[in-house]
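Visitor: Dropping the structure in here first, questions after.
There are 2 protein chains.
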Amino acid sequence: MKAKQITLADLAKELGVSPATVSRALKNHPDISIQTRKKVQELADKLHYRPNSIAQGLRKQESKVIGVIIPEIVHHFFSSVISGIMEYAYQAGYRVMLCQSMESLAKEKEDVEALFSSRVDGILISLANETNNYAHLEEMRNYGLPIVSFDKVCQKLENHSMVMIDDYEGAYNVVTHLIEQGYRRIAHIHGPLNPITSQNRLKAYLDALKDHDLSQNDDYIMGCKQVTQEEGYIFAKKWIQQQPIPDAIFAVTDLVAIGAMVALKEAGLKIPDDIAVVGYSDWAMASVVEPALTTVAQPGFEMGKLATSLLIDEIKHLHSDQEIPYQHHTEVLKTQLKIRKSSVRKPILVS
Amino acid sequence: MKAKQITLADLAKELGVSPATVSRALKNHPDISIQTRKKVQELADKLHYRPNSIAQGLRKQESKVIGVIIPEIVHHFFSSVISGIMEYAYQAGYRVMLCQSMESLAKEKEDVEALFSSRVDGILISLANETNNYAHLEEMRNYGLPIVSFDKVCQKLENHSMVMIDDYEGAYNVVTHLIEQGYRRIAHIHGPLNPITSQNRLKAYLDALKDHDLSQNDDYIMGCKQVTQEEGYIFAKKWIQQQPIPDAIFAVTDLVAIGAMVALKEAGLKIPDDIAVVGYSDWAMASVVEPALTTVAQPGFEMGKLATSLLIDEIKHLHSDQEIPYQHHTEVLKTQLKIRKSSVRKPILVS
DNA sequence: GGTGTTTCTAAAAACATTTTCATATTATGC
DNA sequence: GCATAATATGAAAATGTTTTTAGAAACACC
């Protein structure tokens, strides 16, 4: 009942030629006569021959698979990135092996090892929030395995390409916009500080205040750990009980911002009149919540494509055994400030 | 500079034993003396030996990789399913190769072939909207490759396990709830009709109307193709211009429902007083939109875990070369009606 | 001391492919 | 007609494992 999987040897036997000939015929090698090529092709089609990638991988020392390590899939931004990765990888003839680090360093290490064991041709990684040590990545680089980090990049790791988002500028634009709108007591909910992304957003917030001669108030800065809606809700509640209440909240993520909005609305505060709220990431929910949430759009899909293109370029360079070492890149993608009702007091063009 | 990847033979040479001994020592085979086992283990640890999964796969005819084909990753429900898949697969020692069919039958076929070529041990698939022909899956089953379909399952394919969601009941509950709330002119926006899921939701809608002695009005039934917010917006616009306007809209998906809400609000209609709106899937946005959207929660994460457990059971059964053929399962998961403000006229317990 | 058993290790085959090297046949040039 | 070149194919090695089979050494039993 169970059909056997056809091998080169099967085809060879059937045609009375050697497996070597079949192999070459199937890739249209000019050494093989046209007639033979045709015969082989026809039989292969007829029997639905599919090359065994595992055997190819072993022989060629190249699996045509790239490994992807993502902190968390159920996340609009990351799933967009994955989508970009898959699109580029697919058209370049690569398969994708996916791992989810769950924001845990230990899991991330295991994933790196598993991918290495699977002999992927390269790794795309966005670091877990917990990750503050890069030995696992160093080791892979020592083996010559190409690595590209994106979004939560690994600046400490030498000799690798990175694709980042200009989070500093994105966050700076938010604060500038709030100031232009007349808000002065601007609070910030930042994320876990290992990732460079949260660091940059926090730094931009502080710099923008300073650049506009606003004093920094440490009571207006809170850090969340899980980056959830609840945390936004809790922090906003705290601020409401405090005097003076902030007149704007800039949260590290839309979800957190929306948590804050819920608390503010419950307390009877008017957004954006009494207090503004701004998020980050432009999740689908941001445009749909009421009032629509001002946020910073990040080009996730493009980021995935770009990171993958860099990785595959490096892989190809490596396999071409050129003399010159591969030149690594650091790409920075621009964000887009999406001004919506939640932060607009003055009449302004709403996008 | 580039470190060589360590092989069994390297260890064997270094220790002056054969590769066979090293292989057995590493898996604690009792044939090997304790001292030898220890020596081998120590050297392996010291040199960071990692078995080459590709070579193992070739030799053992088992890759420890499962293939997953999903129509679209950037989708709250599907990313939840993937998350469940990855969690179960990880703890069972399997890697995941991911493909995105983009709702295209052609791409789905390519993906199936690519996964077969990669010699995955099994395939998890949710069909593309376009898919109305199952030859590509039949072929894989003929090769004895285990397949489990989930959500948009493939009822035409024999001898395979399925995990579905009770969409019929979920949709029936929606319509019943609307009727209980006093709505009578209930419209429905259904999805593409190839997937069994949309079919079931439509059928439940029709049956529920009939069971409650409401007449079916074909003007109140529209089908969307892309399942986008725009489509919901456009359909709602059309209904607004029509007399009598429906007093409830049940959309195949939250996104479509929200599109409809936007159109209704623009037209000055009050939700839920003038008209109710209900979605499906319980995206994050549903609880956040105003008024909060009544919807049907689907257990995506559980579905992923369950489907993966069935697949891996079947794989294990196959490799245990038992006499009795594997007994396939069809599992049906229950939905949960999330009653929110968008559909509640009468006082009711809001979840 | 020969036979049989136990304990440990090695050799070799197998997995499906690619590629180097070799070889046989035919064609070309003088 | 002979040397050389071109053409087409095959044999064999190689990729890194696992596993079957075999075999050597040590030991027990009569």
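Protein sequences appear in the order of chains A and B.
First residue of the first sequence: 16, per my numbering; consecutive thereafter.
First residue of the second sequence: 16, per my numbering; consecutive thereafter.
The beta-carbon is built from N, C-alpha and C at its ideal position, and this holds for glycine as well.
The structure displayed is predicted, hence computed values, not measured ones.
1. So what does DSSP say about residue 244/B, is it helix, strand or coil?
2. Short check: CB of residue 112/A to CB of residue 267/B, under 8 angstroms?
3. Please classify residue 123/B as buried or exposed, where buried requires at least 16 neighbouring CB atoms within 10 angstroms.
4. What did DSSP end up calling residue 199/A once you bin it into helix, strand or coil?
5. If you draw a straight line from the alpha carbon of residue 13/A to that of residue 119/B, how long is it in whole angstroms?
6. If you count every other CB in all the chains shown that lies within 10 Å of the CB of residue 345/A, and 16 or more means buried, which is it?
7. Strictly under 8 angstroms for the Cβ-Cβ distance: is residue 72/A near chain B by that measure?
8. In chain A, which residues lie less than 8 angstroms from residue 101/B when you measure between Cβ atoms?
9. With DSSP run on the structure shown, which of helix, strand or coil describes residue 16/B?
10. Secondary structure at residue 351/A, three-state DSSP: helix, strand or coil?
11. For the putative contact between residue 352/B and residue 188/B, defined by C-beta atoms under 8 angstroms, what is the C-beta separation to the nearest angstrom?
12. List the residues of chain B that residue 210/A touches, going by C-beta distances under 7 angstroms, in chain order.
13. So if I threshold CB-CB distances at 9 angstroms, which residues from the region 236 to 268 of chain A count as touching chain B?
14. Nearest-angstrom Cα distance between residue 271/B and residue 105/B?
15. Return the chain-ordered list of same chain residues with a C-beta closer than 8 angstroms to the C-beta of residue 275/A, the five sequence neighbours on each side being excluded.
16. Under 8 angstroms between the Cβ atoms of residue 212/A and residue 182/A?
17. With 8 angstroms as the C-beta to C-beta threshold (strictly closer), list the residues of the region 43 to 76 of chain A near chain B in chain order.
18. On the premise that residue 326/B lies in contact with residue 163/B, defined as a C-beta separation below 8 angstroms, what is that separation, rounded to the nearest angstrom?
19. Flag residue 220/B as yes if its beta-carbon sits less than 8 angstroms from any beta-carbon of chain A, otherwise no.
20. Going residue by residue through the region 99 to 165 of chain A, where are the continuous alpha helix (DSSP H) segments of at least 4 residues, counting only ones entirely within it?
21. Check residue 293/B in the structure and name its three-state DSSP category.
22. Determine whether the beta carbon atoms of residue 14/B and residue 78/B lie at a separation below 8 angstroms.
23. Would the region 49 to 58 of chain A and the region 84 to 95 of chain A be scored as touching if the rule is three or more Cβ pairs under 8 angstroms?
24. With 16 other CB atoms within 10 Å as the buried threshold, where does residue 49/A fall?
25. To the nearest angstrom, report how far apart residue 190/B and residue 202/B are at their CA atoms.
26. Tell me which residue opens and which closes the beta strand (DSSP E) that residue 178/B is part of.
27. Give the interface partners of residue 273/B over in chain A, defined as CB-CB distance under 8 angstroms, in chain order.
28. Across which residues does DSSP place residue 319/B in a beta bridge pair?
29. Round the Cβ separation of residue 261/A and residue 220/A to the nearest angstrom and send it over; I've been treating them as touching at under 8 angstroms.
30. Which residues in chain B sit within 7 angstroms of residue 300/A, going by Cβ to Cβ distance?
31. Using 8 angstroms as the cut-off, can you tell me whether the region 60 to 79 of chain B makes contact with the region 19 to 37 of chain B, which would need three or more C-beta pairs spanning the two stretches below that distance?
32. What first and last residue would you give for the beta strand (DSSP E) that runs through residue 236/A?
33. Contact defined as beta carbons within less than 8 angstroms: I believe residue 322/A pairs with residue 178/A. What is the distance between those atoms, to the nearest angstrom?
34. Could you check what DSSP says for residue 81/B in three-state terms: helix, strand or coil?
35. In three-state terms, what does DSSP make of residue 327/B?
36. What is the rounded straight-line gap between the Cα of residue 89/A and the Cα of residue 286/A?
Guide: Reading from the atomic positions:
1. In the displayed model, residue 244/B falls within a helix according to three-state DSSP.
2. Taking 8 angstroms as the Cβ cut-off, residue 112/A and residue 267/B do not qualify as a contacting pair.
3. Flag for residue 123/B reads buried.
4. Assignment of residue 199/A by DSSP, reduced to helix, strand and coil, places it in the coil class.
5. Outside the shown range of chain A, which is 16 to 366, sits residue 13/A, and nothing can be said about it.
6. Exposed, by the Cβ-count rule.
7. So yes, residue 72/A belongs to the interface.
8. For residue 101/B, the C-beta contacts it makes with chain A under 8 angstroms involve 88, 113, 114 and 115, in order along the chain.
9. Per-residue confidence for residue 16/B stands at a pLDDT of 49, beneath the threshold of 50, marking its modelled position as unreliable; the derived number appears in the next sentence. Coil at residue 16/B, not helix or strand.
10. Reduced to three states, the DSSP call for residue 351/A is strand.
11. Contact between residue 352/B and residue 188/B is confirmed by a C-beta separation of about 5 angstroms, below the 8 angstroms threshold.
12. In chain order: nothing, as chain B lies at least about 20 angstroms away.
13. Taking 9 angstroms as the Cβ-Cβ cut-off, the region 236 to 268 of chain A approaches chain B at 244, given in chain order.
14. The alpha-carbon atoms of residue 271/B and residue 105/B are separated by roughly 34 angstroms.
15. Excluding positions up to five away in sequence, the list reads 204, 247, 248, 250, 251, 264, 266 and 292.
16. Closer than 8 angstroms, so yes.
17. Within the region 43 to 76 of chain A, the qualifying residues are 63, 65, 66, 67, 68, 69, 70, 72 and 73.
18. Rounded, the Cβ-Cβ distance is 4 angstroms, consistent with contact.
19. It does not: the Cβ of residue 220/B has no partner Cβ on chain A nearer than 8 angstroms.
20. If one requires a minimum length of 4 residues, the alpha helix (DSSP H) runs lying completely within the region 99 to 165 of chain A are 120 to 132 and 150 to 157, in chain order.
21. If DSSP states are grouped into helix, strand and coil, residue 293/B belongs with the strands.
22. Beyond the ends of chain B as shown, which are 16 and 366, falls residue 14/B; an answer cannot be given.
23. Note that the region 49 to 58 of chain A does not touch the region 84 to 95 of chain A; fewer than 3 beta-carbon pairs, one per stretch, sit closer than 8 angstroms.
24. Burial call: exposed.
25. Annotation: residue 190/B to residue 202/B spans about 10 angstroms, alpha carbon to alpha carbon.
26. Counting along the chain, the beta strand (DSSP E) containing residue 178/B begins and ends at 176 to 180.
27. 303, listed in chain order.
28. DSSP lists no bridge partner for residue 319/B.
29. Approximately 12 angstroms separates the beta-carbon atoms of residue 261/A and residue 220/A; this is outside 8 angstroms, ruling out the contact.
30. The answer, in chain order, is 299, 300 and 303.
31. Under the three-pair Cβ rule at 8 angstroms, the region 60 to 79 of chain B counts as touching the region 19 to 37 of chain B.
32. Note, residue 236/A: beta strand (DSSP E), 236 to 238.
33. Your pair residue 322/A and residue 178/A checks out as a contact, with CB atoms roughly 4 angstroms apart and the cut at 8 angstroms.
34. DSSP places residue 81/B in the strand class (E or B) of the three-state scheme.
35. Residue 327/B sits in a helix when the DSSP states are folded into three classes.
36. Distance between the alpha carbons of residue 89/A and residue 286/A: 29 angstroms.
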